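According to full-length UniProt numbering, the sequence shown is numbered sequentially starting from 1.
Right, one structure below, let's go through it.
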Amino acid sequence: MTDRTLEEIASDAADTAGPDDATAPVVADAEPAAGTVVSKPTIADIEEAMKDVVDPELGINVVDLGLVYDAHVDDDNVVTLDMTLTSAACPLTDVIEDQTRQALTTGPGGGLVKDFRINWVWLPPWGPDKITDDGREQLRALGFNV
Numbered sequence: 001m002t003d004r005t006l007e008e009i010a011s012d013a014a015d016t017a018g019p020d021d022a023t024a025p026v027v028a029d030a031e032p033a034a035g036t037v038v039s040k041p042t043i044a045d046i047e048e049a050m051k052d053v054v055d056p057e058l059g060i061n062v063v064d065l066g067l068v069y070d071a072h073v074d075d076d077n078v079v080t081l082d083m084t085l086t087s088a089a090c091p092l093t094d095v096i097e098d099q100t101r102q103a104l105t106t107g108p109g110g111g112l113v114k115d116f117r118i119n120w121v122w123l124p125p126w127g128p129d130k131i132t133d134d135g136r137e138q139l140r141a142l143g144f145n146v
């Protein structure tokens, strides 16, 4: 083990780097630049973030309502969500899209992903059977009989 600090190691690396050396020293505890994404998120990360997206009519998040059918993050860190709505006639898709943008692309370090796409799907049709146990509890607390 060496007694040298990270700054000394970084300084030595910078001094020995040639003009064509595209590598930069890594400094611990550095904050990512605003608007950047640190690493590719897991599907569990996406699902957790999507719990901040609330169905504007029911007041329950879209994950617990069972509206998120699938998610895929590509190599460019863009997530594609297969989602449905409780009704094909829902006029509030723009609200859900705005909330999704806020949940996935903003925040400390620039958000989970660089961008997102929602693929609105109608098959299989949504039904109350898609609601999670947590979603059922939330709906019961609001007075719904589920």
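We put the CB at the ideal spot given by N, CA and C, even for glycine.
Small disclaimer: the values here were computed from a predicted structure and weren't measured.
Nearest residue (CA-CA) to residue i, options the options
i: R101; options: R136, W126 and V78; result: V78
i: A44; options: E137, D70, N119 and L123; result: D70
i: P125; options: V73, G135, V62 and L67; result: L67
i: residue 167; options: A88, D98 and E97; result: Outside the shown range of the chain, which is 1 to 146, sits residue 167, and nothing can be said about it.
i: K51; options: L139, G135, R140 and G143; result: G135
i: H72; options: G110, N119 and T106; result: N119
i: T80; options: F116, E137 and L58; result: F116
Cβ neighbour criterion (16 or more within 10 Å) applied to residue i
i: D64; result: buried
i: P91; result: exposed
i: N145; result: exposed
i: A49; result: buried
i: V26; result: Residue placement at V26 is flagged as unreliable, the pLDDT there being 34, under the threshold of 50; the coordinate-derived value follows with that caveat. Under this definition V26 is an exposed residue.
Beta-bridge partners of residue i, as assigned by DSSP
i: D115; result: V78
i: W126; result: DSSP, once it has assigned bridges, lists no residue as partnering W126.
Contact belief for residue i with residue j at Cβ below 8 Å, rounded distance in angstroms
i: V113; j: P41; result: 6 Å
Contiguous alpha helix (DSSP H) assignments of at least 4 residues, all confined to the UniProt domain "MIP18 family-like" (44-110): 93-105
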